[in-house]
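Some notes on the structure that comes next.
This is how it looks when you write it as structure tokens:
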């Protein structure tokens, strides 16, 4: 067995049967080993597509995503995807080929300093220098990628080590269990909860990562606490609960932002007080004490000091957070606020404006699709419309680039999601700017005959940047015009993907139905007016109650 | 602006120092002084770094403790940095 075969053997031991990648010179021995392997490799059309497919696969399934790339440009192309995975705490293991050991450090063809390049964007980076270390390094990579707060790990393997004779030996890898929160921290949290009269639960992506959705929902159900979610937390809270006020922050609902600004206790669970959530930090939840549940000590009191910190496994700590206090008056106030200020939808069939309203369309899609469907998004206005106007039964049904905000995420992530959940409907909601960033992955859809659906919302603009130019840059629309977009129908057809274009409100319902019922890949191209904007919007460095509402 | 002396024990890996210094810089701290020795028996890096910043030191301490190859971070003392430093 050589190093390449051993690498695939270790992957199999971790239950990896699907990898995404792109071959090249320095990783040819690994691709040669793949030729006879049970591990199924999906050839993407760009290494960034492979990284995002691995990410989508991991996010939609809860498994580890694995991607392969060659040295030099192969690795540089992976980097954005790995940065995205680390920023959003997604377990991804990237295996990269490196030039042969004697050539390393000589500026050889397609050589790049992978470790130096990756330190800032991965949870950890390994370069294997001895064949005896290969197996233990791969084990460590899986352990690090999945433990604690997950992230991306690179294992860089020189070509000569992929070819070197290797033998598999039992390896003892230290596994790290999540710490259990200290009893006194939970007792302090319970004390604060007992003395609160207006508490709000602020839920982030960590709840899903910690597999604690059930525990969280039980807590909400038993206490009646009003709740808000970050972009990454969407799906963790029960969307049917009237006390759930929606997304918080820059494009959050009016009710969620106002409730948090008024609350006297903010219970953050797996959330990190990101600037897109808090608005002007000094004026965020100004009267609230803070209880912060997290697994990463570095996130606690990083931006907003916590009065009580509960560090450890949410599955074990959340059930111990209890109270007998009746919050029904506060809950009722929040629900009334939510009902008064909630989004109103104009049925597309009755829309007399002549322009398709994307918010109503996405709300309709949310009701029309199976609850097991997976939505991926790119980044921009359409992403915020999805977050505002669609409901998700569980966090794994919404895949979006939250922390890094990477355009081009949606299409390859949908491909990965479709591989991990072949029986579920996967829909990539995209904008005309983002879609073109990884459009080459239509080739992957064609190659594997994937039934991925694409809802392309086209305003012929870089809409979010344009919205900011309108609001904050005196309507100087610098470099945001995309009116020379390609013919998206012809583009889809070039990849054997069925497609249709709609531009009238009356066409929406039928087109959405045709898309979700299609057994094959389908591109629904929706033309919208360029002046459709995302509301509410809290201007940068402004307190969240001072939202603009269009 | 405060100055802090960090005493760090870390695994003797090729990228340890590079990663450590990267985190110090990225999190808004400047290095004033640094020394590193390999403790021969344990093959462990014994690092002392003097850093300064307007930011609270716990922000850096928490980030350093997250690094896979860092085993221990101890903050020895804090002094107000001289204006010319």
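Residue numbers (this note's numbering), protein chains in the order written: chain C, 397 to 946; chain S, 430 to 514. We put the CB at the ideal spot given by N, CA and C, even for glycine.
Just verifying my parser: in three-state terms, what is the DSSP assignment at residue i?
{"i": "residue 458(S)", "result": "coil"}
{"i": "residue 432(C)", "result": "coil"}
{"i": "residue 642(C)", "result": "strand"}
{"i": "residue 625(C)", "result": "strand"}
{"i": "residue 572(C)", "result": "coil"}
{"i": "residue 928(C)", "result": "coil"}
{"i": "residue 746(C)", "result": "helix"}
{"i": "residue 433(S)", "result": "strand"}
{"i": "residue 520(C)", "result": "strand"}
{"i": "residue 731(C)", "result": "helix"}
{"i": "residue 846(C)", "result": "coil"}
{"i": "residue 465(S)", "result": "strand"}
{"i": "residue 923(C)", "result": "strand"}
{"i": "residue 410(C)", "result": "coil"}
{"i": "residue 470(S)", "result": "coil"}
{"i": "residue 893(C)", "result": "coil"}
{"i": "residue 405(C)", "result": "helix"}
{"i": "residue 739(C)", "result": "coil"}
{"i": "residue 483(S)", "result": "coil"}
{"i": "residue 761(C)", "result": "helix"}
{"i": "residue 476(S)", "result": "strand"}
{"i": "residue 441(S)", "result": "coil"}
{"i": "residue 423(C)", "result": "helix"}
{"i": "residue 938(C)", "result": "coil"}
{"i": "residue 501(S)", "result": "strand"}
List the residues of chain C whose Cβ lies closer than 7 Å to the Cβ of residue i, in chain order.
{"i": "residue 451(S)", "result": "515, 516"}
{"i": "residue 522(S)", "result": "A query on residue 522(S) cannot be resolved here, the shown segment of chain S reaching from 430 to 514 and no further."}
{"i": "residue 495(S)", "result": "694"}
Going by DSSP, name the residue or residues bridged to residue i.
{"i": "residue 463(C)", "result": "416(C), 490(C)"}
{"i": "residue 554(C)", "result": "494(C)"}
{"i": "residue 877(C)", "result": "857(C)"}
{"i": "residue 548(C)", "result": "488(C)"}
{"i": "residue 689(C)", "result": "665(C), 706(C)"}
Going straight from the alpha carbon of residue i to that of residue j, what length do you get?
{"i": "residue 807(C)", "j": "residue 434(S)", "result": "48 Å"}
{"i": "residue 581(C)", "j": "residue 547(C)", "result": "27 Å"}
{"i": "residue 458(C)", "j": "residue 792(C)", "result": "8 Å"}
{"i": "residue 404(C)", "j": "residue 532(C)", "result": "13 Å"}
{"i": "residue 676(C)", "j": "residue 697(C)", "result": "16 Å"}
{"i": "residue 514(S)", "j": "residue 459(S)", "result": "Confidence at residue 514(S) is low in this model, with a pLDDT of 40, below 50, so its placement is unreliable and no value can be given for it."}
{"i": "residue 750(C)", "j": "residue 743(C)", "result": "13 Å"}
{"i": "residue 680(C)", "j": "residue 617(C)", "result": "26 Å"}
{"i": "residue 892(C)", "j": "residue 758(C)", "result": "26 Å"}
{"i": "residue 467(C)", "j": "residue 442(S)", "result": "22 Å"}
{"i": "residue 645(C)", "j": "residue 653(C)", "result": "6 Å"}
{"i": "residue 598(C)", "j": "residue 485(S)", "result": "25 Å"}
{"i": "residue 512(S)", "j": "residue 874(C)", "result": "Interpretation of residue 512(S) is limited by its pLDDT of 47, a score under 50 that renders its predicted location unreliable; the figure taken from the coordinates is listed afterwards. Distance between the alpha carbons of residue 512(S) and residue 874(C) is about 43 Å."}
{"i": "residue 931(C)", "j": "residue 453(C)", "result": "31 Å"}
{"i": "residue 825(C)", "j": "residue 857(C)", "result": "16 Å"}
{"i": "residue 897(C)", "j": "residue 670(C)", "result": "37 Å"}
{"i": "residue 540(C)", "j": "residue 726(C)", "result": "43 Å"}
Cβ closer than 9 Å: which chain C residues qualify as neighbours of residue i?
{"i": "residue 488(S)", "result": "694, 697, 698"}
{"i": "residue 447(S)", "result": "511, 512, 515"}
Could you work out which residues of chain S lie near residue i, taking near to mean beta carbons separated by less than 9 Å?
{"i": "residue 508(C)", "result": "Chain S residues near residue 508(C): none, gap ~15 Å exceeds 9 Å."}
{"i": "residue 540(C)", "result": "497"}
Exposed or buried, residue i, counting other C-beta atoms within 10 Å across all chains shown (16 or more means buried)?
{"i": "residue 455(S)", "result": "exposed"}
{"i": "residue 724(C)", "result": "exposed"}
{"i": "residue 366(C)", "result": "As shown, chain C starts at 397 and ends at 946. That puts residue 366(C) outside it, with no answer to give."}
{"i": "residue 481(C)", "result": "buried"}
{"i": "residue 720(C)", "result": "exposed"}
{"i": "residue 895(C)", "result": "buried"}
{"i": "residue 834(C)", "result": "buried"}
{"i": "residue 418(C)", "result": "buried"}
{"i": "residue 431(C)", "result": "exposed"}
{"i": "residue 760(C)", "result": "buried"}
{"i": "residue 947(C)", "result": "Given a span of 397 to 946 for chain C in the structure shown, any question on residue 947(C) remains unanswerable."}
{"i": "residue 467(S)", "result": "exposed"}
Going along chain C, which residues have a C-beta under 8 Å from residue i?
{"i": "residue 492(S)", "result": "694"}
Let me see if you follow: with CB-CB separation under 7 Å, is residue i close to chain B or not?
{"i": "residue 922(C)", "result": "Considering every chain present, this structure includes no chain B. Its protein chains are C and S."}
Does the ligand COA have even one heavy atom less than 6 Å from the beta-carbon of residue i?
{"i": "residue 504(C)", "result": "As for the ligand COA, it is missing from this structure, which has no ligand bound."}
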